[in-house]
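Asker: Quick one: structure below, then a few questions.
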Amino acid sequence: MANIMKSYTPLRLLLILFVGVAFAYNQSTPIFEASDEAWHYGVVREIASGRGLPTQQTGEITTYRQEGSQPPFYYLIGAGLISWIDDFDSLSRYSYNPFGQIGVPGTTTNVNMFRHTNLEEFPLTGVAMAVHLLRWFSILLGCGTVALTYFVAKALFPGQVTLPILAASFTAFNPMFVFISASVNNDNGVWFLASLIIYTLILIVNLDNNALLIPSWFPSKLLQRQFAPWLLGLLIGLAILTKLSALLLMPVVVIYLIWRKQHSRNWLQSFREGLIIASCVLVLTGWWFYRNLILYDEFLGTNMMAEIYGFVRTGPPTWDELILEWRGWWYSLWGIFGAFNIIPGRWFIATINGLVLIAVSGGIVSIVRRYLSGVNIKKIHITHILAGSFILFTLVGNVYWSLNQHASQGRLAIIAVTVFSTYLAAGMISLFGQQLQKLFSIAVVIVLLIVSLLMVKLYIAPSYNIPKYIAYEEIPADMIVSGATFNKEIELVGYSVLNNTITTDDSLQVTLYWRGKSYIDSDYNLAINVYGYGMENISKLDTWPGGGLLPTAEWEPDVIYPDTYVLPILSSSEAPTIMRMGLSFWDDDLSDSLPISVNDVTIESLLLDLGRLIPAHEQNYIPEVKDGSVFASGAKLLGYSIAEHEAPEISFTLYWHAESTITNDLTVFVHMIDSSGDIVAQADGPPSHGYWPTSEWELGIVVSDHHNLDHDIDISRETYTIVIGLYDPVSGLRVPAYSSTGFEWDNWAVPIHTIGISAQ
């Protein structure tokens with residue numbers, strides 16, 4: 052017995068590590084922020100409150116949404132666990148984040164689905180206590196699934212020393228498995244029961260083959276022929292009553308019964324066992340299917356679930372959609388967190404792909420090696436047929452569900468986690484000899500552990516970090532002072548921009564410094580708009596402050612809250628241009644924003660200078676007429692194109708280039724002069740209508756500067772010349788201008804077009 056217990060020391064250590072990692076995931080994920088956790092808790096809450104099982108109605112918004120269509124076993128246990136907690140039924144303080152980016156992987160703001168408060172912190176009470184208690188129950192189920200992976204691997208590959216612990220590690224440190232295990236989700240129940248069923252089937256087969264390698268304390272009598280079908284029926288019935296995906300186990304059981312018939316050569320005995328299993332399943336689940344039939348006119352209730360879920364396919368998916376969904380499926384098998392919106396960096400999936408590639412390569416090498424050694428690879432042991440068929444049926448079930456729903460979630464395949472973890476481990480160690488297997492397995496376990504912890508450190512926890520307030524003396528020196536006040540409640544102390552020159556394929560990082568002048572009763576909504584050329588809206592964000600995590604009603608007065616945003620810029624934005632940011636708050640109606648004042652003077656809107664936006668790629672402007680005139684300020688007129696040549700409007704574009712830094716903002720003059728040199732029409736103004744002043748011009752970037760010259764001159768009587776140039780708007784002095792050959796232009800005005808008699 053001592054040797055047996057010692058042999059399980061690595062498993063006990065692994066379970067301790069798994070619990071530690073799972074608690075890290077639990078602590079870093081606010082309640083209801085795990086995938087569908089709010090709706091799963093809604094079902095538990097409904098039962099625990101004495102209102103019975105949920106009844107679904109289309110068009111009705113409930114606290115349990117589509118999860119109210121799920122079988123109830125997990126929820127019944129959960130209801131018993133939380134029924135003693137005071138206030139478990141009160142959800143009034145858990146309001147939805149109206150800007151939550153649900154199902155948007157990689158979002159940098161509004162990751163949170165719900166509004167969170169310090170009432171969720173320790174000591175736990177009410178709903179927070181209930182949710183964490185259910186999470187701890189789920190972690191316990193996860194421990195069972197990890198342990199069963201170990202035992203399944205040991206049963207499928209007897210004699211292997213390192214394989215079971217490596218297989219169990221693939222389960223224990225699969226970030227997606229840990230994430231769901233640390234949440235309220237009936238997946239945890241069906242994963243455990245499905246793993247137990249597969250393990251039970253393998254043990255029954257091994258018992259029949261006199262190959263059962265289990266300690267004497269195991270209740271082996273339950274696996275004997277007279278009890279085994281009852282046990283299987285009980286487990287399968289409970290699994291189906293936990294989640295309908297357990298139905299995928301039924302064809303596996305059919306394969307087992309066929310094998311049993313072939314093995315015992317007693318079809319009557321196999322039929323009897325199948326009848327017992329089916330009867331147990333029917334007794335345990337029949338009432339549930341009958342209830343669905345009465346309420347929804349269908350046995351499974353999946354049509355009602357799909358209708359409430361609201362993402363039913365209206366037609367077959369395209370190849371592009373399938374490729375995109377395959378990527379999503381693969382990611383969600385290993386790690387997409389939050390409300391399907393926190394996605395790890397590419398290094399993560401590259402690491403996973405590398406490990407899987409090693410495992411698959413090892414499996415192929417092992418098969419080829421066995422074939423070349425003369426082993427008949429067609430004679431696969433029945434236990435491997437059962438395990439492999441479960442993976443196959445699981446994948447087929449995933450495909451079927453995905454073809455009917457926009458819900459290609461790889462985590463749905465984790466029901467077979469014990470089996471595919473076992474085969475991943477088997478493929479890996481098959482590449483090495485006995486001496487290297489242990490070292491390699493230890494290395495892989497360490498990698499998996501570190502990767503699973505890095506998911507918390509780098510992605511999950513930072514996504515829910517609430518901005519901390521700072522004191523006035525902690526305000527950075529580069530902050531631009533604002534002093535604008537919204538509704539006399541919120542002061543924008545100032546703002547800072549990380550990089551005041553960005554390109555059209557960049558994002559803009561800006562930090563706003565807020566101060567609540569007193570306690571605020573409402574959760575005001577913040578609108579951030581970035582404007583470019585011609586006040587084009589090149590980036591927009593509606594949010595609660597703090598990227599959704601710091602609603603104004605939670606602010607402490609007279610402290611500074613730094614509020615940082617990374618705003619992606621519209622790639623098609625016209626550039627170069629200066630950028631401005633508009634800020635506003637509103638309560639219920641976006642069109643009814645809070646009044647803004649600066650120094651107690653009410654203003655219509657608040658616009659803040661942000662910096663420069665330049666093209667990401669070289670712009671190949673080709674002037675209709677090349678010029679080359681240079682100005683003493685450092686500007687060069689590359690050329691121009693004229694669109695409209697005559698009355699009543701002459702439309703043309705000037706193409707400028709800065710050959711050296713221009714220190715001041717110059718104005719472009721556009722004059723129409725007659726043969727005497729008198730000005731008969733003019734259209735002066737800053738280049739690019741003021742959106743790209745000369746002091747901002749970047750060396751090497753061509754400036755496209757459009758102008759319109761309106762006139763009502765009768766050009767049939769005389770010849771007129773259009774001249775352009777630059778002048779200082781403060782002093783009124785023109786900038787000296789020279790032709791490309793060095794000739795000084797008269798009056799420092801460059802002639803670009805002639806209209807009238809001689810021009811015809």
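Numbering (my numbering), first residue to last: 52 to 811. From the three backbone atoms N, C-alpha and C, an ideal C-beta is built for every residue, glycine too.
1. Using alpha carbons as the reference points, say which of E97, T60 and N161 lies closest to G599.
2. What are the start and end residues of the alpha helix (DSSP H) that includes M355?
3. Spatial neighbours of E769 within its chain, please: C-beta separation below 7 Å, excluding the five flanking residues on both sides.
4. Are the beta-carbon atoms belonging to I253 and V305 less than 9 Å from one another?
5. Check this for me: beta carbons of M506 and G413, under 9 Å apart or not?
6. Pull up the distance between the alpha-carbon of Q211 and that of A219, whole angstroms please.
7. Alpha carbon to alpha carbon, how far is A528 from Y546?
8. Can you tell which of S767, L326, R316 and N236 has its C-alpha closest to the C-alpha of A279?
9. Would D556 pass as an interface residue toward chain B - the criterion being a Cβ-Cβ separation below 9 Å?
10. Output needed for S635: all residues of its chain with C-beta closer than 6 Å, excluding positions within five of it in sequence on either side, in chain order.
11. Thinking I752 and V731 are a contact (beta carbons under 8 Å), I'd like their distance in whole angstroms, please.
12. Could you tell me the boundaries of the beta strand (DSSP E) in which D593 lies?
13. Please classify I571: does DSSP put it in a helix, a strand, or coil?
14. Given that a residue counts as buried once 16 or more other Cβ atoms are within 10 Å of its Cβ, and exposed if not, what is P266?
15. In this structure, does DSSP put S680 in helix, strand or coil?
16. By how many angstroms is the C-alpha of N449 removed from the C-alpha of N257?
17. For my contact list, F221 and A476 are in at a C-beta cut-off of 8 Å; report their separation, rounded to the angstrom.
18. Note down, in chain order, each residue of its chain lying with its Cβ closer than 6 Å to the Cβ of P226, except the 5 sequence neighbours on either side.
19. With distances taken Cα to Cα, identify the nearest neighbour of Y382 among Q277, H740 and A401.
20. Could you tell me if W743 is buried or exposed, where buried requires 16 or more neighbouring beta carbons within 10 angstroms of its beta carbon?
21. Would you grab the beta carbon distance between S622 and T555 for me? Rounded to a whole angstrom, and I think it's under 8 Å.
22. Taking buried to mean at least 16 other C-beta atoms within 10 Å of its own C-beta, is M586 buried or exposed?
23. Return the residue from the list I133, E607 and G157 that minimises the CA-CA distance to R397.
24. Is the Cβ-Cβ distance between A85 and V235 less than 9 Å?
25. Sort L563, L601, S558 and N550 by Cα distance to S573 and report the nearest one.
26. How far does the beta strand (DSSP E) with T770 in it reach, from first residue to last?
27. Measure the Cβ-Cβ separation of G193 and F228 and say whether it is below 9 Å.
28. Quick one: what does DSSP say T222 is sitting in, helix, strand or coil?
29. With DSSP collapsed to three states, give me the class of H804.
30. Given F269, which residues of its chain have a CB within under 6 Å of its CB, disregarding the five upstream and five downstream residues?
31. What does the Cβ neighbour count give for W338, buried or exposed, with the cut at 16 atoms within 10 Å?
32. Please state the DSSP three-state secondary structure of W339.
33. Going straight from the alpha carbon of H91 to that of E625, what length do you get?
34. Sort A181, P738 and I67 by Cα distance to I775 and report the nearest one.
35. Tell me whether Y546 sits in a helix, a strand or coil according to DSSP, three-state version.
36. Do I231 and L300 count as a contact pair if the criterion is CB distance below 9 Å?
Answerer: To lay it out plainly:
1. What you label residue 599 is simply residue 548 of the sequence shown in a count that begins at 1. For G599, the nearest C-alpha among the options comes from N161.
2. Position 304 of the sequence shown, counted from the first residue, corresponds to residue 355. For M355, the enclosing alpha helix (DSSP H) starts and ends at T353 to Y360.
3. Residue numbering aside, residue 769 sits at position 718 when the sequence shown is read from its first letter. Counting only Cβ-Cβ distances below 7 Å, and skipping sequence neighbours, we find D725, S726, G807 and I808.
4. Counted from its first residue, the sequence shown places residue 253 at position 202. Counted from its first residue, the sequence shown places residue 305 at position 254. No, these two residues do not count as a Cβ contact at 9 Å.
5. Within the sequence shown, residue 506 is the residue found at index 455, counting from 1. Within the sequence shown, residue 413 is the residue found at index 362, counting from 1. Against a cut-off of 9 Å, the Cβ pair of G413 and M506 comes out as no contact.
6. Position 160 of the sequence shown, counted from the start, is the residue given in the question as residue 211. Position 168 of the sequence shown, counted from the start, is the residue given in the question as residue 219. Rounded to the nearest angstrom, the two C-alpha atoms are 13 Å apart.
7. Residue mapping note: residue 528 aligns to position 477 of the sequence shown, counting from 1. Residue mapping note: residue 546 aligns to position 495 of the sequence shown, counting from 1. Rounded to whole angstroms, A528 to Y546 spans 11 Å at the Cα level.
8. Here the question's residue 279 lines up with position 228 in the sequence shown. A279 has its Cα closest to that of L326, out of S767, L326, R316 and N236.
9. As a matter of chain content, chain B is missing from the structure shown, which is built from one protein chain.
10. Mapped onto the sequence shown, residue 635 falls at position 584. So the list reads A578 and S644, once near-sequence residues are dropped.
11. Translated into the one-based positions of the sequence shown, residue 752 becomes position 701. Translated into the one-based positions of the sequence shown, residue 731 becomes position 680. About 34 Å; that fails the 8 Å criterion.
12. To locate residue 593, count along the sequence shown from 1; it is residue 542. Where D593 is concerned, the enclosing beta strand (DSSP E) stretches over N588 to T594.
13. Working through the sequence shown from its first residue, we reach residue 571 at position 520. In the structure shown, I571 sits in coil (DSSP, three-state: anything other than H, G, I, E or B).
14. In the sequence shown, the residue the question calls residue 266 occupies position 215. Only weak support is given to the placement of P266: the predicted model assigns it a pLDDT of 48, under 50, and the question is left unresolved by the model.
15. Position 629 of the sequence shown, counting from 1, holds the residue named residue 680. Reduced to three states, the DSSP call for S680 is strand.
16. Mapped onto the sequence shown, residue 257 falls at position 206. Mapped onto the sequence shown, residue 449 falls at position 398. Rounded to the nearest angstrom, the two C-alpha atoms are 30 Å apart.
17. On the sequence shown, residue 221 is found 170 positions in, with the first residue counted as 1. On the sequence shown, residue 476 is found 425 positions in, with the first residue counted as 1. Rounded to the nearest angstrom, the Cβ distance from F221 to A476 is 6 Å, consistent with a contact under 8 Å.
18. Looking up residue 226 in the sequence shown gives position 175. Result list for P226: G386, S503 and M506, in chain order.
19. Start at 1 with the first residue of the sequence shown, and residue 382 comes out as number 331. Comparing Cα-Cα distances from Y382 to each of Q277, H740 and A401, the minimum goes to A401.
20. Taking the sequence shown and counting its residues from 1, one reaches residue 743 at position 692. Buried.
21. Against the sequence shown, residue 622 aligns to sequence position 571. Against the sequence shown, residue 555 aligns to sequence position 504. At roughly 6 Å, the Cβ-Cβ gap stays under 8 Å, so S622 and T555 are in contact.
22. In the sequence shown, counting from the first residue as 1, residue 586 sits at position 535. By the neighbour-count rule (16 or more Cβ atoms within 10 Å), M586 is not buried but exposed.
23. Indexing the sequence shown from 1 puts residue 397 at position 346. The shortest C-alpha separation from R397 is found at G157.
24. The residue labelled residue 85 in the question sits at position 34 within the sequence shown. The residue labelled residue 235 in the question sits at position 184 within the sequence shown. Result yes, Cβ atoms of A85 and V235 sit closer than 9 Å.
25. The sequence position of residue 573 within the sequence shown is 522, counting from 1. If we check each option's Cα against that of S573, L601 comes out closest.
26. Mapped onto the sequence shown, residue 770 falls at position 719. Counting along the chain, the beta strand (DSSP E) containing T770 begins and ends at T770 to Y778.
27. Mapped onto the sequence shown, residue 193 falls at position 142. Mapped onto the sequence shown, residue 228 falls at position 177. Their beta carbons are under 9 Å apart, which means G193 touches F228 by this criterion.
28. In the sequence shown, the residue the question calls residue 222 occupies position 171. T222: helix per DSSP, three-state reduction.
29. Here the question's residue 804 lines up with position 753 in the sequence shown. In the displayed model, H804 falls within a strand according to three-state DSSP.
30. Taking the sequence shown and counting its residues from 1, one reaches residue 269 at position 218. Residue confidence is low: F269 scores 47 on pLDDT, short of 50, so the model does not pin down where it sits. No coordinate-derived value is stated.
31. Here residue 338 refers to the residue found at position 287 when the sequence shown is read from its first residue. Exposed, by the Cβ-count rule.
32. Within the sequence shown, numbered from 1, the residue matching residue 339 stands at position 288. Residue state, collapsed to three classes: helix.
33. In the sequence shown, counting from the first residue as 1, residue 91 sits at position 40. In the sequence shown, counting from the first residue as 1, residue 625 sits at position 574. Between H91 and E625, the C-alpha separation is close to 47 Å.
34. Walking along the sequence shown from the start, residue 775 turns up at place 724. Of A181, P738 and I67, the residue nearest in Cα terms is P738.
35. For the purposes of this step, residue 546 is taken as the residue at position 495 of the sequence shown. In this structure, Y546 counts as strand in the three-state DSSP scheme.
36. Here residue 300 refers to the residue found at position 249 of the sequence shown. Here residue 231 refers to the residue found at position 180 of the sequence shown. Their beta carbons are not under 9 Å apart, which means L300 does not touch I231 by this criterion.
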